[in-house]
Amino acid sequence: MIESLLKQTSNSETTSFFVHVENDIFQVVIIKGKKVLFFNTFNYKTKEDFIYYILFTAEQLQLNPEEFLLTFLNDIEKDSELYTITYKYIKNIAFYKPKYTMPKKLKLSDHSYFTLLNQH
């Protein structure tokens, strides 16, 4: 996952904040240019746990939640409670836009299964 994100952000000097969501865990990857500034995996049970770890990470790296763009990957949709609570505190949210698109008959979002579809 990190290698794929590094390749896709290597031409940017802005800070990229990615959140890869799974069932009861998520990974935060923060990249600037060609450097990984932060990577960690967090376990969560509630939506409050989820947003706490995101905001705490941003605070530790001195990133202003009103300024950075948070990009979601994998198992999260706009109508989920995780998205809703995140949007309450972070206004700049996007879903990862891959180079590929999922076949519509699969009924999956384009940002789903990022890790699987970006393997080398």
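Just so you know, the sequence shown maps onto residues 35 to 154 in my numbering.
Even glycine gets a Cβ: it sits at the ideal position worked out from N, Cα and C.
None of the values given here were measured: they were computed from a predicted structure.
Q) What three-state label does DSSP hand F129 in the structure shown? A) strand
Q. Beta carbon of P99, beta carbon of L107: below 8 Å?
A. no
Q) Roughly how many whole angstroms lie between the Cα atoms of L40 and F73? A) 12 Å
Q | Own chain, CB closer than 6 Å to L116, minus 5 neighbours either side, in chain order | A | K81, F84, I110
(Q) Just to confirm, is the Cβ distance from E49 to F129 under 8 Å? (A) In the sequence as displayed, the identity of residue 49 is Thr instead of Glu. Their beta carbons are not under 8 Å apart, which means T49 does not touch F129 by this criterion.
(Q) Using CA atoms only, rank isn't needed, just tell me which of I64, I119, K69, T118 is closest to A92. (A) I64
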